[in-house]
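Chemist: Please read through the structure below; I'll follow up with questions.
Residue numbers (full-length UniProt numbering): 1 to 314.
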């Protein structure tokens, strides 16, 4: 198996795990901010017990350390808006909005990851827009604010995914995960007092709210099974594929999320046939992309020269 094929298998496994995050976001009773804060704090605490992470941090240049920390703030804001979108609408809508990240990634990856602009990537990204329009028209009026917040979340995905692609070769994936999520936890702690005024749609922003015993159990599943494992694995996979290719695969997340939402939450009663038609259009772009030729890989030219000879074992 080539490194590129292995990377695609890794990404699709990550997507399967991420499909549960929207469901858990709906099941956990905490508001968006404390939910994300506890999620990131638990992952950071778990990684703080791994000696390999501390060795990686000590060996990392200060400039790179600050760069990963900045990306971590974007990750935190993405999760914050993602769960806010779910709380304002439902799990199916929140997950579907992330498909907008394809068109955003097609635009920002060439700039941030220093790769060439691809018309094919951009057109495939644009191809999801009619599906998104149908999705918007197929939801109740009271849930449409969730779509707006979800679109912001998708833009943040494109930004931090492209930046991670640019820097992914320079550090161990577990160390990067610990640094980014640790920085995100600190950023949310500092921003919590002002967020009610900047984003009133978030609702409760009290980080001192203790989760119930039931919520703690689900938070552990979310933090360790659906965050720590796929986050580190996706960083390893990005060494052998472009951020756009990875994001297009992540568009399969709504399939898992919607199927689980129907099975576990009964959300099919909240959404119309128009919504599901829009989702189908979005997914067609996912399946067409691999048929159009070898996926483009972005990143620094020196990364591409060595990528084929490196085996990811993280």
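For each residue, glycine too, the CB sits at the ideal point set by N, CA and C.
Starting from residue 14, trace the alpha helix (DSSP H) both ways and give me its first and last residue.
Modeler: Residue numbering aside, residue 14 sits at position 14 when the chain shown is read from its first letter. 3-27 is the span of the alpha helix (DSSP H), which, as asked, contains residue 14.
Chemist: How about residue 246 and residue 161: are their beta carbons less than 9 angstroms apart?
Modeler: Within the chain shown, the letter at position 246 stands for residue 246. Within the chain shown, the letter at position 161 stands for residue 161. A contact, by the Cβ cut-off of 9 angstroms.
Chemist: The alpha helix (DSSP H) with residue 40 in it runs from where to where?
Modeler: Against the chain shown, residue 40 aligns to sequence position 40. It spans 32-47 - the alpha helix (DSSP H) in which residue 40 sits, taken as one unbroken run.
Chemist: Between which residues of its own chain and residue 59 is the CB-CB distance below 7 angstroms, once the five residues before and five after are set aside?
Modeler: Counting from 1 along the chain shown, the entry for residue 59 is found at position 59. Nothing meets the Cβ criterion.
Chemist: If you scan the stretch 153-206 from start to end, which runs of the alpha helix (DSSP H) of 4 or more residues do you find wholly inside it?
Modeler: 173-191 and 195-198
Chemist: Roughly how many whole angstroms lie between the Cα atoms of residue 254 and residue 92?
Modeler: Residue numbering aside, residue 254 sits at position 254 when the chain shown is read from its first letter. Residue numbering aside, residue 92 sits at position 92 when the chain shown is read from its first letter. Approximately 7 angstroms between the Cα atoms of the pair.
Chemist: Using the rule of at least 16 other Cβ atoms within 10 Å of the residue's Cβ for burial, across every protein chain shown, is residue 301 buried or exposed?
Modeler: To locate residue 301, count along the chain shown from 1; it is residue 301. Residue confidence for residue 301 is low, a pLDDT of 25 falling below 50, so the modelled location carries little weight; the figure read from the coordinates is stated next. Exposed.
Chemist: Roughly how far, in whole angstroms, is the beta-carbon of residue 128 from the beta-carbon of residue 155, given that I think they are within contact range, below 8 angstroms?
Modeler: Locating residue 128 in the chain shown gives position 128, where the first residue counts as 1. Locating residue 155 in the chain shown gives position 155, where the first residue counts as 1. Cβ-Cβ separation between residue 128 and residue 155: approximately 14 angstroms, too far for a contact (criterion under 8 angstroms).
Chemist: Any idea what DSSP makes of residue 271, helix, strand or coil?
Modeler: Residue numbering aside, residue 271 sits at position 271 when the chain shown is read from its first letter. Coil at residue 271, not helix or strand.
Chemist: Between the alpha carbons of residue 67 and residue 198, how many angstroms are there, rounded?
Modeler: For the purposes of this step, residue 67 is taken as the residue at position 67 of the chain shown. For the purposes of this step, residue 198 is taken as the residue at position 198 of the chain shown. Those two C-alpha atoms are separated by around 25 angstroms.
Chemist: Pick helix, strand or coil for residue 114, following the three-state DSSP scheme.
Modeler: The sequence position of residue 114 within the chain shown is 114, counting from 1. Three-state result, residue 114: coil.
Chemist: I'd like the list of long-range same chain contacts for residue 325, defined as Cβ closer than 7 angstroms, with 5 residues on each side in sequence excluded.
Modeler: Nothing in the structure corresponds to residue 325, since the chain is present only between 1 and 314.
Chemist: For the alpha helix (DSSP H) containing residue 131, name the first residue and the last one.
Modeler: If you number the chain shown from 1, residue 131 lands on position 131. First-last of the alpha helix (DSSP H) with residue 131: 129-137.
Chemist: Taking buried to mean at least 16 other C-beta atoms within 10 Å of its own C-beta, is residue 240 buried or exposed?
Modeler: Working through the chain shown from its first residue, we reach residue 240 at position 240. By the 10 Å Cβ count, residue 240 comes out buried.
Chemist: Residue 93 lies in the alpha helix (DSSP H); which residues open and close that run?
Modeler: Taking the chain shown and counting its residues from 1, the one referred to as residue 93 is at position 93. Run containing residue 93: 91-97, per the alpha helix (DSSP H) assignment.
Chemist: Between which two residues does the alpha helix (DSSP H) harbouring residue 81 extend?
Modeler: The sequence position of residue 81 within the chain shown is 81, counting from 1. That run of the alpha helix (DSSP H) goes 62-88.
Chemist: The alpha helix (DSSP H) spanning residue 57 covers which residue range?
Modeler: One-based indexing of the chain shown puts residue 57 at position 57. It spans 51-59 - the alpha helix (DSSP H) in which residue 57 sits, taken as one unbroken run.
Chemist: Under a CB-based cut-off of 9 angstroms, is residue 89 close to chain D?
Modeler: Annotation note: the requested chain D is absent from the structure, which comprises a single protein chain.
Chemist: Going by CA-CA distance only, name the one from 168, 227 and 22 that's closest to residue 257.
Modeler: If you number the chain shown from 1, residue 257 lands on position 257. When only C-alpha atoms are compared, the closest one is 22.
Chemist: Near residue 79, which residues of its chain fall below 6 angstroms by C-beta distance, leaving aside the five closest residues on each side in sequence?
Modeler: Residue mapping note: residue 79 aligns to position 79 of the chain shown, counting from 1. 36, listed in sequence order.
Chemist: May I ask you to report which of helix, strand or coil DSSP gives residue 225?
Modeler: For the purposes of this step, residue 225 is taken as residue 225 along the chain shown, with counting starting at 1. Helix at residue 225.
Chemist: Residue 215 lies in the alpha helix (DSSP H); which residues open and close that run?
Modeler: Within the chain shown, residue 215 is the residue found at index 215, counting from 1. That run of the alpha helix (DSSP H) goes 213-220.
Chemist: Please report the straight-line C-alpha distance between residue 105 and residue 269, rounded to a whole angstrom.
Modeler: Counting from 1 along the chain shown, the entry for residue 105 is found at position 105. Counting from 1 along the chain shown, the entry for residue 269 is found at position 269. Rounded to the nearest angstrom, the two C-alpha atoms are 32 angstroms apart.
Chemist: For residue 210, which three-state DSSP category applies?
Modeler: As a first step, residue 210 is located in the chain shown; it is residue number 210 there, counting from the start. If DSSP states are grouped into helix, strand and coil, residue 210 belongs with coil.
Chemist: Considering only the beta carbon of each residue, do residue 205 and residue 192 sit closer than 9 angstroms?
Modeler: The residue labelled residue 205 in the question sits at position 205 within the chain shown. The residue labelled residue 192 in the question sits at position 192 within the chain shown. Yes.
Chemist: Does the Cβ of residue 117 have 16 or more other Cβ atoms within 10 Å, making it buried, or fewer, making it exposed?
Modeler: The count along the chain shown starts at 1 and reaches residue 117 at position 117. With fewer than 16 Cβ atoms within 10 Å of its Cβ, residue 117 is classed as exposed.
Chemist: By DSSP, does residue 123 sit in helix, in strand, or in coil?
Modeler: Translated into the one-based positions of the chain shown, residue 123 becomes position 123. In the structure shown, residue 123 falls within a helical segment according to DSSP collapsed to helix, strand and coil.
Chemist: Roughly how far, in whole angstroms, is the beta-carbon of residue 64 from the beta-carbon of residue 171, given that I think they are within contact range, below 8 angstroms?
Modeler: Indexing the chain shown from 1 puts residue 64 at position 64. Indexing the chain shown from 1 puts residue 171 at position 171. Right, their Cβ atoms sit about 7 angstroms apart.
Chemist: Excluding the five sequence neighbours on either side, which residues of its own chain have a C-beta within less than 7 angstroms of the C-beta of residue 211, listed in chain order?
Modeler: Here the question's residue 211 lines up with position 211 in the chain shown. 30, 38 and 219, listed in sequence order.
Chemist: Please name the residue in 24, 181 and 57 whose C-alpha comes closest to that of residue 90.
Modeler: Here the question's residue 90 lines up with position 90 in the chain shown. If we check each option's Cα against that of residue 90, 24 comes out closest.
Chemist: Can you tell me which of 76, 43 and 1 puts its alpha carbon nearest to the alpha carbon of residue 189?
Modeler: Locating residue 189 in the chain shown gives position 189, counting from the first residue. Among 76, 43 and 1, the Cα nearest to that of residue 189 is on 76.
Chemist: Taking C-beta to C-beta, are residue 178 and residue 277 nearer than 9 angstroms?
Modeler: For the purposes of this step, residue 178 is identified with residue 178 of the chain shown, where counting begins at 1. For the purposes of this step, residue 277 is identified with residue 277 of the chain shown, where counting begins at 1. No. Outside cutoff.
Chemist: Helix, strand or coil for residue 252 per DSSP?
Modeler: Taking the chain shown and counting its residues from 1, the one referred to as residue 252 is at position 252. Here residue 252 sits in coil by DSSP.
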